[in-house]
Amino acid sequence: MIKVEKLSKRYGATTAVQELSFEVPKGEVVGFLGPNGAGKTTTMRIITGSLGATEGRVTLDGQDVFENPRQVKKRIGYLPEVPPLYTDMKVRDYVRFAARLKGVDDIKGAAEATIDRVGLAPVAHRIIDHLSKGFRQRCGVAQALVHNPDVLILDEPYSGLDPAQRMEIRDLLKELAQEDRTVILSTHVLADIEAMCERVVIINKGKMVGQGPISELTKVLGGRTITLSVARPEGLLDILSVMPGVLSVTPGDAGAISLFTEPGDIREQVAAAAVPYGLLEFSGRQSLEDIFLHLTQQAEA
Amino acid sequence: MGNILAIAKRELRNYFATPVGWLSLCGYILLTGFFFSIFLGFYSEQAATMGYDPYGPAEMNVDEYLVSPFFGNANIILLFLCPALTMRLFSEDRKAKSLELLLTSPISTTEIVLGKYLGALGFVLLLFLGTLHYPALLFWMGDPDPGIMASCYLSWTMMTACFMAVGLMASSFTENQMVAMILAFGILLMFWLLGWAEGSLGSTGFQGNLKDVLSFASLVNRTEDMQKGLIHTKDLVYFGSFVAFFLFVTHQRVEAYRWR
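Chains C and W supply the protein sequences, listed in that same order. 1 is the number of the first residue of the first sequence in my numbering; add one for each residue after it. 1 is the number of the first residue of the second sequence in my numbering; add one for each residue after it.
Here's what the structure looks like:
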């Protein structure tokens, strides 16, 4: 559905995005990952048509974003990192204004439905400037949703929210994603991606460093972090550091040891080796965070 | 067209959502009132003196001695007011990142520019409504020419249309409202002073040629005839081209946001 082909964006001498290509099929929720400055926002802005690409193109069902901006923009809802709010307006007026700009036919109806949908009803008559951060974020979501787009582009939708607000917004976005929408979501909170996304695209310094379904990525690239603690660590460190499949061993305080492994499950071997030394705790976690760190560091090396 | 109006309406409302709109309205009425009372006082004093002058005209023409000078001199309020009203149009939108809403909506850059322009222009036209009691007073007390009066309001409108176009352009060039205001004021002042420079030049040789050029370019000189009730097509064309040029530059500038 969304097809990004060899997309490059240069700002003068600096390259923000370099030959980035990926596709997002209809109805899929894709997580867009990368450290700050990786080019996530730039890519998203190009997809939404607010920024022009230096090279390459973005198409939505075959329609080029820059050749048919009107048709394409009508189908995309975009929530930038800073929600594009006119803070001097009342919530209801703002949502109506957005509906109007997005070319909705029944402006009042669509605005009311959206206000209810994103939970803005209790504050609909208030001026946006006087609202809490969570409600403002909802206004941003409302603006992206008012024309009922089939594509949602969400740039760091959780930044700056407190944990309760984050949970609320996450639940809201989860619901929206389930309504057969195609969603691209960028964040650096990996738990959010793991909770919502079927697939991830990881970029670093404007280049793709990995993409695939979350399960597959963890399988292929799945280095694992194992942390254990033993009663008598002497000697175990030497055994673990020469064990096949172990990349690094870091000793901690009071018999704690953490190690990072190559792809492949060697939890059993590690546990077996540790038991004679008085194994007390053991956990082997395989998270996007580790993969992410691993991939971006690899790309740097 | 609907989009243009929606944006214009939002901009217009914005002036009244903050003290800016109300302060401008008060200030504008106060200052025009100041100008009006000065010229009214001057006019009545002259008229009274004239009554004792056996060689003077039978009456002092109210259009020539009151209406034209009042409208002509009150131009200067607009010179200061317009940059202050236009400075936020694009600057604030960009700084607050709210422009992203417009840029990602299915609307054209032309619609964005025209919407903002008409909204801001509309606000000044509302200010003009606050000056209608001066003509009302004159019609009540005397017998001014309604055509000249209308032509004077047209001259204000044309002048404001030009000022607002320059201000809008200045605002599109920077995220800093103060810079936008100073830039707009500088450009407007330059056009204003062209009229003065022209007045100090001789009328022959190189000076004469330069005088012709400056006189052609001067914005204020164009309003002088209009404030006497004389509407030239060439002046209307000048104002139209002036506005079109600055709106075009603004359009190009806003397009360029997408390419930087």
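The beta-carbon is built from N, C-alpha and C at its ideal position, and this holds for glycine as well. In this text the structure is predicted, and so the values were computed from the model without any measurement.
*Looking at C-beta atoms only, is the number of pairs between the stretch 113 to 125 of chain C and the stretch 136 to 156 of chain C that lie closer than 8 Å three or more?*
Verdict: yes, contact present.
*asked:* Is the separation between the beta-carbon of residue 149 of chain C and that of residue 77 of chain C shorter than 7 Å?
replied: Cβ atoms of residue 149 of chain C and residue 77 of chain C: closer than 7 Å.
_Beta-bridge pairing of residue 256 of chain C - partner residues as DSSP gives them_ = C:229.
_Reduced DSSP secondary structure (H/G/I, E/B, other) of residue 173 of chain W_ = Assigned with DSSP and collapsed to three states, residue 173 of chain W falls in coil, not helix or strand.
*Does the beta carbon of residue 10 of chain W sit closer than 7 Å to a beta carbon anywhere in chain C?*
With 7 Å as the cut-off, residue 10 of chain W counts as an interface residue toward chain C.
*Element boundaries [alpha helix (DSSP H), containing residue 66 of chain C]*: DSSP places residue 66 of chain C outside any alpha helix (DSSP H), giving it a letter other than H or E.
*Leaving out five residues before and five after residue 189 of chain C in sequence, what residues of the same chain have Cβ atoms less than 7 Å from its Cβ?*
Same-chain partners within the cutoff: 158.
*Whole angstroms is fine: what's the gap from residue 171 of chain C's alpha carbon to residue 59 of chain C's?*
Residue 171 of chain C and residue 59 of chain C: Cα-Cα distance of roughly 29 Å.
*asked:* Is it buried or exposed, residue 156 of chain W, if we count other Cβ atoms within 10 angstroms and call 16 or more buried?
replied: By the C-beta density criterion, residue 156 of chain W is buried, having at least 16 other C-beta atoms within 10 angstroms.
*From this set, W:161, W:49, W:211, which residue's C-alpha is nearest residue 246 of chain W's C-alpha?*
Nearest in C-alpha terms to residue 246 of chain W, of all of W:161, W:49, W:211, is W:161.
*Quick one, which of W:47, W:72, W:85, W:4 has its alpha-carbon nearest residue 184 of chain W's?*
Among W:47, W:72, W:85, W:4, the Cα nearest to that of residue 184 of chain W belongs to W:85.
*So is the beta-carbon of residue 246 of chain W under 6 Å away from any non-hydrogen atom of the ligand GTP?*
Ligands in the displayed structure: none, and consequently the ligand GTP is not present.
*asked:* To be precise: take each residue of the stretch 69 to 100 of chain W, compare its Cβ to all Cβ atoms of chain C, and keep it if any distance is under 8 Å. Which residues remain?
replied: Within the stretch 69 to 100 of chain W, the residues whose Cβ lies closer than 8 Å to some Cβ of chain C are 96, 97, 98, 99, 100, listed in chain order.
*Output yes if chain C places a C-beta closer than 7 Å to the C-beta of residue 244 of chain W; else output no.*
Chain C, which has no Cβ nearer than 7 Å to the Cβ of residue 244 of chain W, makes this no.
*Put residue 195 of chain W into one of helix, strand or coil per three-state DSSP.*
Helix.
*Rounded C-alpha distance that separates residue 92 of chain W from residue 44 of chain C*: Cα atoms of residue 92 of chain W and residue 44 of chain C: separation of roughly 23 Å, rounded to the nearest angstrom.
*Verify the CB distance criterion: does residue 101 of chain C have a CB-CB separation below 7 Å to chain W?*
At a cut-off of 7 Å between beta-carbon atoms, residue 101 of chain C makes contact with chain W.
*Kindly list, in the order they appear in chain W, the residues whose Cβ is closer than 7 Å to that of residue 50 of chain C.*
What residue 50 of chain C touches in chain W: 100, 103, 104, 258.
_By the three-class DSSP mapping on this structure, what secondary structure does residue 189 of chain W have?_
Helix at residue 189 of chain W.
*Give a yes or no on whether 7 Å exceeds the smallest Cβ distance from residue 79 of chain C to chain W.*
Against chain W, the CB of residue 79 of chain C has no partner CB under 7 Å away; the residue lies outside that interface.
*Answer yes or no: do residue 155 of chain C and residue 87 of chain C have a C-beta to C-beta separation smaller than 7 Å?*
It is not a contact, given that the beta carbons lie outside the stated cut-off.
*Identify whether residue 269 of chain C lies in helix, strand or coil by the three-state DSSP scheme.*
Under the three-state reduction of DSSP output, residue 269 of chain C falls in the helix class.
*asked:* Check for me: the alpha helix (DSSP H) holding residue 50 of chain W runs from which residue to which?
replied: That run of the alpha helix (DSSP H) goes 19 to 50.
*For chain W, find out if any of its Cβ atoms is closer than 7 Å to the Cβ of residue 88 of chain C; answer yes or no.*
Flagged as an interface residue toward chain W: residue 88 of chain C, by a C-beta distance shorter than 7 Å.
*Which partner residues of residue 31 of chain C appear in the DSSP bridge assignment?*
Residue 31 of chain C pairs with C:185, C:200.
*From the DSSP output, read off the bridge partner residues of residue 11 of chain C.*
In the DSSP output, where bridge partners are listed per residue, residue 11 of chain C has C:14.
*Min CB distance residue 85 of chain C to chain W below 7 Å*: Interface flag for residue 85 of chain C against chain W is set, since a Cβ pair is found closer than 7 Å.
*Would you please verify whether the beta carbon of residue 107 of chain W is less than 7 Å from any beta carbon of chain C?*
Residue 107 of chain W counts as touching chain C.
*asked:* Please confirm whether residue 120 of chain W has its beta-carbon closer than 7 Å to some beta-carbon of chain C.
replied: Output row for residue 120 of chain W: interface = no.
*Is the number of C-beta pairs between the stretch 9 to 23 of chain W and the stretch 128 to 139 of chain W that are closer than 8 Å three or more?*
Fewer than three Cβ pairs drawn from the stretch 9 to 23 of chain W and the stretch 128 to 139 of chain W lie within less than 8 Å of each other, which leaves the two stretches out of contact.
*According to DSSP, is residue 138 of chain W helix, strand or coil?*
Helix, per DSSP.
*If you measure from the beta carbon of residue 249 of chain C to each beta carbon in chain W, is any gap under 7 Å?*
No, no contact with chain W.
*Do you know offhand how far residue 178 of chain W's Cα is from residue 89 of chain W's?*
The straight-line gap from Cα to Cα measures roughly 12 Å.
*Note down the Cα distance separating residue 200 of chain C from residue 10 of chain C, rounded to an integer number of angstroms.*
Looking at the two C-alpha atoms, the distance is approximately 24 Å.
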